[in-house]
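**Student:**
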Amino acid sequence: MAKFYITTAIPYVNSVPHAGHLLEFVQTDVIARSHRLKGEEVLLLSGGDENALKNVQAAEQAGIPVQEFVDRNAQLFLDLAKNLNVQFDVFQKGSSPEHHLSIQKFWELCDKAGDIYKKSYEGLYCVGCETFYTPDELNENQECFEHPGRKLETVAEENYFFKLSKYQEKLVGLIEKDELRIVPITRKNEVLAFLKNSLQDISISRTNERAKNWGVSVPGDNSQKIYVWLEALNIYQSGVGFGLDEEKYKKWWPADVHVIGKGITRFHAVYWPAFLLSAGLPLPKTLFVHGYLTIDGQKMSKTLGNVIDPFELVKKYGVDAVRYFFLREIPSTGDGDFSYEKFETRYNADLASGLGNLVSRVVTMAQNSANTSLLRSSGVSANNLEIQHIIESVNKECAEALEEFRFNEALESIWRLIQFCDRYIEQKRPWEESAEQREVIEDLLFALSHIAKLLQPFLPETAEKITEQLKEGKGESLFPRLRQV
RNA sequence: GCCGGCGUAGCUCAGUGGUUAGAGCAGGUUCUUCAUAAGGACAAGGUCGGAAGUUCGAUCCUUCCCGUCGGCACCA
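Last residue of the first sequence: 994 (my numbering), numbering continuous.
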């Protein structure tokens with residue numbers, strides 16, 4: 510049996526989940542489910558980026574021990590997945606002892622390859638933020654935006670560096686040939702453009718002091734912690750047993766797809782494959798990069814107060830309505846906008862009046878008609894050739910769109926079938942007795958069973974409900990109409 | 001500043017070097033009642049960002065301009 514290993518990005522647990530995580534979790538879940546339905550053995554991994562300095566700072570602010578703080582927040586991400594019907598098979602925490610062991614082994618492999626060396630790093634350091642800044646990150650007074658009026662200090666620090674430059678050409682080749690496939694193409698081009706400049710080596714450790722003694726120690730040097738990017742990316746490996754359970758690791762690695770947001774493209778398209786090349790390990794096959802969400806046309810921000818609580822959204826509208834909106838309205842590889850108005854408009858038009866109403870009318874007609882039985886809904890093909898053809902073409906379009914992660918197009922395609930059914934009903938008037946009444950209703954039931962099947966990866970709960978109504982007769986409305994705001 | 005994407009009906013977007021530029025949603029008229037005041041049909045709606053150029057002919061090619069979004073390394 511073929512295996513399929515897919516990951517979400519590792520959420521940064523310094524704060525609570527927002528609508529962006531919702532989008533990514535749902536997209537990842539659709540890919541995972543579609544492969545499960547193809548009969549592949551699938552592993553979906555997520556995890557918590559728990560070793561970053563900002564977690565320590567956020568915990569300090571909250572007045573909670575760091576471990577407790579990251580545990581508490583990580584749990585919220587797990588809860589969100591559960592609420593969304595997203596099935597994580599592994600949730601690998603960055604603070605787990607297994608992961609610590611795993612990343613140290615990874616480090617040692619890179620070190621053996623001769624790619625790690627010590628060098629003094631000098632930069633502008635803000636004591637308030639406890640981080641280094643580059644000149645272009647500063648305001649006109651050469652101060653950081655968080656702490657205006659406070660002078661930055663020039664601080665020199667000895668760190669370990671990774672020979673990124675060594676892998677430049679190799680990476681260009683791999684990406685150009687799609688051996689490391691980057692979707693969409695605009696992201697691929699950006700990465701290639703970046704790789705055409707001369708690459709600098711990157712620092713991959715922090716002093717204990719600067720890391721606030723939180724994180725994973727550098728093997729053989731207890732005075733330094735492994736820089737979070739190297740460390741956090743390895744969650745993709747440690748979660749499937751790298752350095753811990755060779756058999757498991759061999760079974761799952763490399764990842765088939767990493768799903769990420771556009772802001773972390775470089776880490777995944779350049780640093781991560783370079784680390785893996787250095788360690789002599791296989792590279793992930795595909796990076797799928799999604800865009801960012803805006804809310805009412807504006808950036809999500811706490812100060813604007815436009816942050817959408819994904820838990821509330823699910824509670825208010827139901828899990829599949831939420832999944833539907835984010836998959837259908839947000840272009841999968843571009844930026845998209847959320848607003849309650851858009852949400853409710855789409856809900857009423859597509860889910861209530863479209864899908865829900867169609868199921869309702871067809872099931873009722875089947876029950877009212879003396880000539881048909883619901884149980885006869887599962888034919889091998891439709892009586893009507895036109896229906897047969899449209900089902901086949903929607904099947905094909907859907908599969909192709911899924912292959913390239915164009916979820917919005919896949920759903921659009923399914924909705925063409927829904928619309929076709931509505932027209933067909935109007936044209937054939939199967940609520941009236943006629944010679945062809947029975948065949949028409951059977952075809953509609955057949956089409957519905959296909960719609961349910963096609964919806965499985967996207968709206969799993971709804972797909973199941975439709976299948977159930979096709980067997981058991983009419984149940985409650987799938988998507989009760991909302992009164993518009 | 002440099003590089004790249006985008007700018008098409010009220011909204012979201014598709015599209016092609018050549019007769020009347022498309023879809024969905026919203027709005028309009030109308031038909032229908034199996035259905036969640038749902039569904040169908042029809043009509044309306046665009047100087048395809050602006051200017052110049054190439055061409056027999058450009059929304060689609062070139063240049064410039066305007067607007068907008070993104071990339072330009074240690075911030076995850």
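Glycine residues also receive a C-beta, built at the ideal position from the N, C-alpha and C atoms.
Give me the Cα-Cα distance between residue 761 and residue 794, rounded to the nearest whole angstrom.
**Tutor:** 12 Å
**Student:** Using only CA atoms, which one of 511, 676, 515 and 530 lies nearest to residue 818?
**Tutor:** Proximity to residue 818 across 511, 676, 515 and 530 peaks at 530, based on C-alpha coordinates.
**Student:** Quick check on this structure: which residue in 903, 912, 830 and 547 has the alpha carbon closest to the alpha carbon of residue 989?
**Tutor:** 830
**Student:** Short check: CB of residue 680 to CB of residue 704, under 7 Å?
**Tutor:** It is a contact, given that the beta carbons lie within the stated cut-off.
**Student:** Taking the straight line between their C-alpha atoms, what separation do you get for residue 826 and residue 838?
**Tutor:** 16 Å
**Student:** Considering only the beta carbon of each residue, do residue 918 and residue 910 sit closer than 7 Å?
**Tutor:** yes
**Student:** Output needed for residue 668: all residues of its chain with C-beta closer than 6 Å, excluding positions within five of it in sequence on either side, in chain order.
**Tutor:** 630, 712 and 714
**Student:** Grab the span of the alpha helix (DSSP H) containing residue 715 for me, first residue to last.
**Tutor:** Taken as a continuous stretch (DSSP letters only), residue 715 belongs to no alpha helix (DSSP H), being part of the beta strand (DSSP E) at 714 to 716.
**Student:** Is the CB-CB distance between residue 628 and residue 671 below 7 Å?
**Tutor:** no
**Student:** Classify residue 685: buried if its beta carbon has 16 or more other beta carbons within 10 angstroms, exposed otherwise.
**Tutor:** exposed
**Student:** Give me whichever residues DSSP pairs with residue 952 in a beta bridge.
**Tutor:** Partner(s): none; residue 952 has no beta bridge.
**Student:** For residue 537, does the count of other Cβ atoms within 10 angstroms reach 16, so buried, or fall short, so exposed?
**Tutor:** buried
**Student:** Could you compute how far the alpha carbon of residue 861 sits from the alpha carbon of residue 987?
**Tutor:** 8 Å
**Student:** Let me know the secondary structure DSSP gives residue 790 once reduced to three states.
**Tutor:** Looking at residue 790 - three-state DSSP - the assignment turns out to be coil, as it is neither helix nor strand.
**Student:** Restricting to Cα atoms, I'd like to know which of 622, 716 and 520 is closest to residue 584.
**Tutor:** 520
**Student:** Any chance you could list the beta strand (DSSP E) runs of at least 3 consecutive residues sitting entirely within the region 844 to 908, in chain order?
**Tutor:** Complete beta strand (DSSP E) runs here, min 3: 845 to 847.
**Student:** Classify residue 994: buried if its beta carbon has 16 or more other beta carbons within 10 angstroms, exposed otherwise.
**Tutor:** Low confidence applies to residue 994: its pLDDT is 47, below 50, so where it sits in the model is not reliable enough to give any reading.
**Student:** For the candidate residues 848, 807 and 843, whose alpha-carbon lies nearest to that of residue 822?
**Tutor:** If we check each option's Cα against that of residue 822, 848 comes out closest.
**Student:** Output needed for residue 618: all residues of its chain with C-beta closer than 6 Å, excluding positions within five of it in sequence on either side, in chain order.
**Tutor:** 788
**Student:** To the nearest angstrom, how far is the alpha carbon of residue 678 from that of residue 975?
**Tutor:** 52 Å
**Student:** Going by the CB atoms, is the gap between residue 747 and residue 608 shorter than 7 Å?
**Tutor:** yes
**Student:** My understanding is that residue 553 touches residue 596, with C-beta atoms under 8 Å, so please give their C-beta distance in whole angstroms.
**Tutor:** 6 Å
**Student:** Is residue 529 helix, strand or coil when you go by DSSP?
**Tutor:** Correct three-state label for residue 529: helix.
**Student:** Buried or exposed: which applies to residue 663, given that a residue is buried once 16 or more other Cβ atoms fall within 10 Å of its Cβ?
**Tutor:** It counts as exposed.
**Student:** Is the CB-CB distance between residue 774 and residue 737 below 7 Å?
**Tutor:** no
**Student:** Determine the DSSP secondary structure at residue 925, reduced to helix, strand or coil.
**Tutor:** In the displayed model, residue 925 falls within a helix according to three-state DSSP.
**Student:** Roughly how many whole angstroms lie between the Cα atoms of residue 894 and residue 933?
**Tutor:** Straight-line measurement puts the Cα of residue 933 at about 12 Å from the Cα of residue 894.
**Student:** From this set, 718, 610, 778 and 733, which residue's C-alpha is nearest residue 683's C-alpha?
**Tutor:** 778
**Student:** On a Cα-Cα basis, can you pick out the residue from 871, 956, 941 and 892 that is closest to residue 982?
**Tutor:** 871
**Student:** DSSP state of residue 965, grouped into three classes?
**Tutor:** Residue 965: coil per DSSP, three-state reduction.
**Student:** For residue 750, which three-state DSSP category applies?
**Tutor:** coil
**Student:** Per DSSP, which one or two residues make a beta bridge with residue 626?
**Tutor:** Its beta-bridge partners are 670.
**Student:** Mind checking who residue 537 pairs with in its DSSP beta bridge?
**Tutor:** Bridge partners of residue 537: none, in fact.
**Student:** With a threshold of 16 other CB atoms inside 10 Å of the CB of residue 695, please say whether the residue is buried or exposed.
**Tutor:** Exposed is the label assigned to residue 695, since fewer than 16 other Cβ atoms lie within 10 Å of its Cβ.
**Student:** Per DSSP, which residues does residue 515 bridge with? Please list them.
**Tutor:** 553 and 766
**Student:** Residue ranges of each alpha helix (DSSP H) run of no fewer than 4 residues wholly in the region 673 to 699, ordered along the chain?
**Tutor:** If we require 4 residues or more, the alpha helix (DSSP H) runs fully inside the region 673 to 699 come out as 677 to 685.
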